[in-house]
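In my numbering, the protein residues as written are 397 to 705.
I have placed the structure first, in the form of C-alpha cells, so that the comments after it can refer back to it.
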Ligand code: 13P
Ligand code: SF4
C-alpha cells in the first residue's frame, strides 16, 4: 500500500476538515483509514453528530444520502458514483405511493437501504439493528407496510408477531448464502456459532444461532467466550470481526457473498474524492425534509440488545 497515498489522504482530510466514515463491508484498507466504522445505524448517528465540514462516505449511495439528509450543512462525498445498492433500487417512490393507495391507513416503515424519495414517502425508517423496536413502537392496531427487504420484513414480523405488508425486494449479495453453505460449515466446524444477517433468506436464518446486524455481530462476539464463528453475511465482515477479536476464528459462510458495490471504494478514489470534492451527494430540500422525519424517528429508537431472545 502506498504510504504517500495515505499521507495525501490525511493532509487533504485536515485541509477540508473532513471525516471519513466506512461501513463494515468496506475493503480492509478503507476500514483501517476511516475515522469511524460501523453498521448503518451507527453511521447514521455519526453522520448526524459530526462537526466536520465534509463527510466522505465509504459505503453505498443510500448511506451517503442518509448523511446528507441528516446533515444539511455539511458536504457529503461518495468516492464512487456507481456504488449503489441493488436492493434500494428495487422500489421507487411511485411504486411505494401505489402500494400506499392500496393500504391507505397503513404506517410505512422503510429499511434504510432505500432512496431518499422512498424515505420521504415513509413514516418511519429503520435499520436491521432497530427494525424490531421501530415496528414495536407503532400502535398494534395500525397496519404496517414494510419496504423494500422481504427477508428483513419476515424477520421483523416473526419477532413482533405483527403481520406486515411486504415488498418483494432482497439483497443480491446475501441471496448467495444457501442452506447448503450453512450445513457444510456446521459439519466442518461443529463447535462454531452461526451468526446470520436478517437480510439472509428464511431457510438460512432458520439454521442460524443468532440473527444480527453487522454492528450487533461485533457486539455479540465481543461478549462471547466462543472461539469460532460462522459468519452468514457479506464475506468482508470477517475483517472487522477478526480485527476486534484476533484470538477467535471467523469463517465466511459463503465466499460468493461479496457486495461488488461496497468494494468499489478504493484508497485512490478516497484521495481523489477529497482532492476534487466529488461526488457530491445532495437531496432536494422538499424530499430532504420529509425523509428526515422518518430518519429522525429511527435515530431516536435504539436497539435494546443484540441477538435472538
Ligand atoms: P447493517 O450494517 O446495518 O447490518 O447493514 C447491512 C447492509 O447490507 C448494508 O448495506
Ligand atoms: Fe445493498 Fe446487499 Fe450490498 Fe448491502 S450488501 S449494499 S443490501 S446489495
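For every residue, glycine included, the Cβ atom is placed at its ideal position computed from N, Cα and C.
Which whole-angstrom value is the C-beta distance of residue i and residue j, which I expect to be below 8 angstroms?
i: residue 592; j: residue 624; result: Rounded, the Cβ-Cβ distance is 15 angstroms, inconsistent with contact.
i: residue 653; j: residue 570; result: 6 angstroms
i: residue 630; j: residue 658; result: 7 angstroms
i: residue 590; j: residue 540; result: No, residue 590 and residue 540 are not in contact; Cβ-Cβ is about 29 angstroms, not under 8 angstroms.
i: residue 474; j: residue 460; result: 4 angstroms
i: residue 691; j: residue 465; result: 6 angstroms
i: residue 693; j: residue 520; result: 5 angstroms
i: residue 510; j: residue 435; result: Incorrect: roughly 16 angstroms between the Cβ atoms, too far for contact.
i: residue 663; j: residue 425; result: 6 angstroms
Among the options, which one has its Cα closest to the Cα of residue i?
i: residue 452; options: 435, 429 and 437; result: 429
i: residue 480; options: 675, 695, 694 and 699; result: 675
i: residue 414; options: 563, 543 and 443; result: 443
i: residue 651; options: 627, 639 and 567; result: 627
i: residue 440; options: 658, 546, 523 and 511; result: 523
i: residue 423; options: 606, 697, 665 and 692; result: 665
i: residue 698; options: 469, 528 and 470; result: 528
i: residue 597; options: 639, 467 and 546; result: 546
i: residue 640; options: 622, 615 and 663; result: 615
i: residue 468; options: 446, 478, 661 and 638; result: 446
i: residue 412; options: 587, 449 and 637; result: 449
i: residue 587; options: 646, 567 and 634; result: 646
i: residue 498; options: 557, 563 and 610; result: 563
i: residue 554; options: 576, 594, 417 and 572; result: 594
i: residue 418; options: 611, 621, 642 and 575; result: 611
i: residue 495; options: 530, 531, 566 and 543; result: 543
Checking the sheet assignment: what are the DSSP bridge partners for residue i?
i: residue 454; result: 418
i: residue 647; result: 626
i: residue 676; result: 473
i: residue 590; result: 626
i: residue 543; result: 506
i: residue 562; result: 542
i: residue 520; result: 505
Is residue i close to the ligand NAD? I mean its beta-carbon at under 6 angstroms from any heavy atom of the ligand.
i: residue 646; result: Only the ligand 13P and the ligand SF4 can be found as ligands here, which leaves the ligand NAD out of the picture.
Original post:
Just checking, does the region 578-589 make contact with the region 403-410 on the three C-beta pairs under 8 angstroms criterion?
Top reply: Segments in contact, no.
Original post:
Is it true that the region 481-492 meets the region 529-536, where meeting means three or more beta-carbon pairs spaced less than 8 angstroms apart?
Top reply: They do not touch, by the three-pair rule.
Original post:
Are the region 674-688 and the region 509-524 in contact at 8 angstroms, needing three or more beta carbon pairs?
Top reply: Yes, the region 674-688 touches the region 509-524.
Subject >> By C-beta, the residues closer than 7 angstroms to any heavy atom of the ligand SF4, given in chain order >> reply: Any residue whose Cβ sits closer than 7 angstroms to a heavy atom of the ligand SF4 makes the list: 421, 456, 481, 482, 483, 484, 509, 567, 568, 569, 570, 595, 630, 655, 657 and 658.
**OP:** Kindly provide the chain-ordered list of residues whose Cβ lies closer than 5 angstroms to any non-hydrogen atom of the ligand 13P.
**Re:** Taking each Cβ in turn, the ones that pass are 435, 436, 523, 524, 609 and 610.
Original post:
If we count Cβ pairs, one from each stretch, closer than 8 angstroms, do we get three or more for the region 665-672 versus the region 456-465?
Top reply: Result no; under three Cβ-Cβ pairs closer than 8 angstroms.
Subject >> Touch test, the region 594-607 against the region 536-552, Cβ-Cβ under 8 angstroms, three pairs minimum >> reply: Contact holds: three or more Cβ-Cβ distances are below 8 angstroms.
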